[in-house]
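**Q**
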Amino acid sequence: MKKFKKIYIEITNVCNLSCDFCPKTNRKPKFMDRDLFERILYQIKGRPTHLYFHVMGEPLLHPELSTFLNLAHKYGYPVNLNTNGILIDSIAESIVFEPALRQVNFSLHSFEANNNQYSIDPYLSKIFEFITLARKDNKISICLKLWNLSDAGKNENNRHILNRLQYEFGIDYVIEDKLTPFRSLPLAENVFLSQSFQFDWPDINLEDISDKGFCYGLRDQVGFLVDGTVVPCCLDGEGTIKLGNILEQEFDEIIAGQRAQKLYEGFSKRQAVEPLCQKCGFRTRFNR
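Quick note on the working numbering: the sequence shown kicks off at 147 and runs consecutively.
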């Protein structure tokens with residue numbers, strides 16, 4: 147049985163923001179129904195893995211989020227939730243004590259990417275309130291993501307966020323001096339800050355970057371789009387590398403298929419065989 151560390155499930159491709167770093171999707175707006183979600187859980191059962199409610203879309207928009215967390219717990223899967231955090235105050239108490247919820251990743255860089263006319267402080271305060279609630283039993287880990295570093299220099303918005311973090315968590319050092327790209331910095335028990343460089347999502351219409359290199363797609367991760375399409379990684383937001391569909395085939399058949407095997411074997415030889423992979427800048431960080 148093929149094992150994966152991460153299985154991404156796009157429970158919706160609908161989002162409440164329009165971030166300038168996000169490629170958006172041309173697919174039909176959709177919310178995954180319970181039957182499809184449970185079919186996925188049944189098909190992957192027996193694999194020790196973490197579920198990530200993420201590819202495109204904002205999972206907090208899904209009206210059955212609590213139900214999906216309950217189902218994940220029923221099948222024995224911990225869930226990591228990726229969110230921009232805008233709606234966290236309206237849904238916090240309905241999800242924070244769900245036993246399946248393992249980690250919440252807040253993409254703090256999403257705020258500045260939307261030309262907001264409002265102060266960032268109320269947004270941050272909602273997230274800090276959730277963290278306080280989540281830390282009551284120290285069950286849930288929190289990752290605060292600032293994935294917007296660039297060669298252009300320091301980001302004033304980031305500096306303000308870091309100052310707020312220092313204040314909220316009573317930190318007696320300058321966070322900026324301790325941060326290292328690609329590594330997490332502990333701020334408190336079960337609370338971490340992750341900073342990294344902004345990257346361009348792969349797009350089949352972009353120029354090739356390289357056909358050499360490595361990626362963890364289909365090696366330690368796989369993804370399900372909202373319509374059941376199986377993709378090799380969390381960055382194939384259009385289903386360009388469609389390996390199959392869980393509504394039409396068994397999952398084991400899909401990942402044993404010719405296209406999946408060719409991609410896997412290619413990266414084993416440090417070759418990106420899929421055109422989309424050849425245009426992906428994110429995977430270049432694995433060459434370090």
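Cβ coordinates follow ideal geometry from the N, Cα and C atoms, glycine included.
Identify, in the order they occur along the chain, each residue of the same chain with its Cβ nearer than 8 angstroms to the Cβ of I355, setting aside the five sequence neighbours on each side.
**A** Cβ within range, chain order: Q424, K425, C426, G427, T430.
**Q** Tell me which same chain residues have a C-beta within less than 6 angstroms of the C-beta of P348, skipping the five on either side of it?
**A** Only L381, L422, K425, C426 meet the Cβ criterion.
**Q** Can you tell me which of the three DSSP states Y313 falls into?
**A** Looking at Y313 - three-state DSSP - the assignment turns out to be helix.
**Q** Give me the residue from G412, A406, I317 with the minimum Cα distance to K148.
**A** Ranking the options by Cα distance to K148, first place goes to A406.
**Q** Within the chosen definition, does the segment 154-173 reach the segment 192-200 through at least 3 CB pairs nearer than 8 angstroms?
**A** With a cut-off of 8 angstroms, the segment 192-200 and the segment 154-173 count as touching, because enough Cβ pairs lie within range.
**Q** For A218 and L279, what's the separation of their Cα atoms in angstroms?
**A** Using only the alpha carbons, I get a separation of about 22 angstroms.
**Q** Is R193 near the ligand MN, with its Cβ less than 7 angstroms from a heavy atom?
**A** By its list of ligands, the structure shown contains no ligand whatsoever, and the ligand MN lies outside what it can speak to.
**Q** Please list, in chain order, all residues of the same chain as V320 whose beta carbon is under 6 angstroms from its beta carbon, the five residues on each side excluded.
**A** If we look at V320 and ignore the five residues flanking it on each side, it has no Cβ neighbours.
**Q** Should Q404 go down as buried or exposed, given a rule of 16 or more other Cβ atoms within 10 Å for buried?
**A** Per the 10 Å Cβ criterion, exposed.
**Q** Quick one: give me the first and last residue of the beta strand (DSSP E) that H196 is part of.
**A** 196-199 is the extent of the beta strand (DSSP E) around H196.
**Q** Under DSSP, the beta strand (DSSP E) around R248 begins and ends at which residues?
**A** From DSSP, the beta strand (DSSP E) with R248 extends over 247-253.
**Q** To the nearest angstrom, how far is it from the Cα of N351 to the Cα of P169?
**A** Rounded to the nearest angstrom, the two C-alpha atoms are 12 angstroms apart.
**Q** In its own chain, which residues sit with a C-beta less than 6 angstroms from the C-beta of Y410, not counting the 5 before and 5 after it?
**A** Cβ neighbours of Y410 beyond the five flanking positions: L364.
**Q** Looking at the unbroken beta strand (DSSP E) that takes in S330, where does it start and where does it end?
**A** Residues 330-334.
**Q** Less than 8 angstroms separating the beta-carbons of S212 and E244?
**A** Yes, Cβ-Cβ distance for S212 and E244 is below 8 angstroms.
**Q** Note down the Cα distance separating A298 from T326, rounded to an integer number of angstroms.
**A** Legend: pLDDT at A298 = 49, less than 50; position of this residue unreliable, value from coordinates given subsequently. C-alpha separation (whole angstroms): 17 angstroms.
**Q** Within its chain, find whatever has a CB closer than 8 angstroms to the CB of P205; leave out the 5 residues flanking it on each side and keep chain order.
**A** Excluding positions up to five away in sequence, the list reads I157, T158, F199, L211, L227, N228, T229.
**Q** Excluding the 5 residues flanking D357 on each side, which residues of the same chain have their C-beta closer than 7 angstroms to its C-beta?
**A** Counting only Cβ-Cβ distances below 7 angstroms, and skipping sequence neighbours, we find Q417, A418, Q424.
**Q** Given a cut-off of 8 angstroms, decide if V377 and L389 are closer than it, judged by their beta-carbon atoms.
**A** Yes, Cβ-Cβ distance for L389 and V377 is below 8 angstroms.
**Q** Out of A246, D235, R185, G222, point me to the one whose CA is closest to L207's CA.
**A** That would be D235, whose Cα lies nearest to the Cα of L207.
**Q** Would a C-beta distance cut-off of 8 angstroms place L308 and F252 closer than the cut-off?
**A** For L308 and F252, no; Cβs fall outside 8 angstroms.
**Q** My output table needs one value for C168: the three-state DSSP class, helix, strand or coil.
**A** C168 falls in the coil class under three-state DSSP.
**Q** State the CB to CB distance for the pair K151 and D398, rounded to an integer number of angstroms; the pair is presumed to be in contact (CB under 8 angstroms).
**A** About 18 angstroms; that fails the 8 angstroms criterion.
**Q** Which parts of the segment 346-380 are runs of the beta strand (DSSP E), unbroken and 3 residues or longer, counting only runs that do not cross its ends?
**A** Fully enclosed beta strand (DSSP E) runs of 3 or longer: 367-370, 375-377.
**Q** So the beta strand (DSSP E) S340 belongs to, where does it begin and stop?
**A** Its beta strand (DSSP E) spans residues 337-343.
**Q** Can the beta-carbon of F432 be found closer than 8 angstroms to that of F328?
**A** No. Outside cutoff.
**Q** In its own chain, which residues sit with a C-beta less than 7 angstroms from the C-beta of G374, not counting the 5 before and 5 after it?
**A** The residues are L182, N391, I392, L393.
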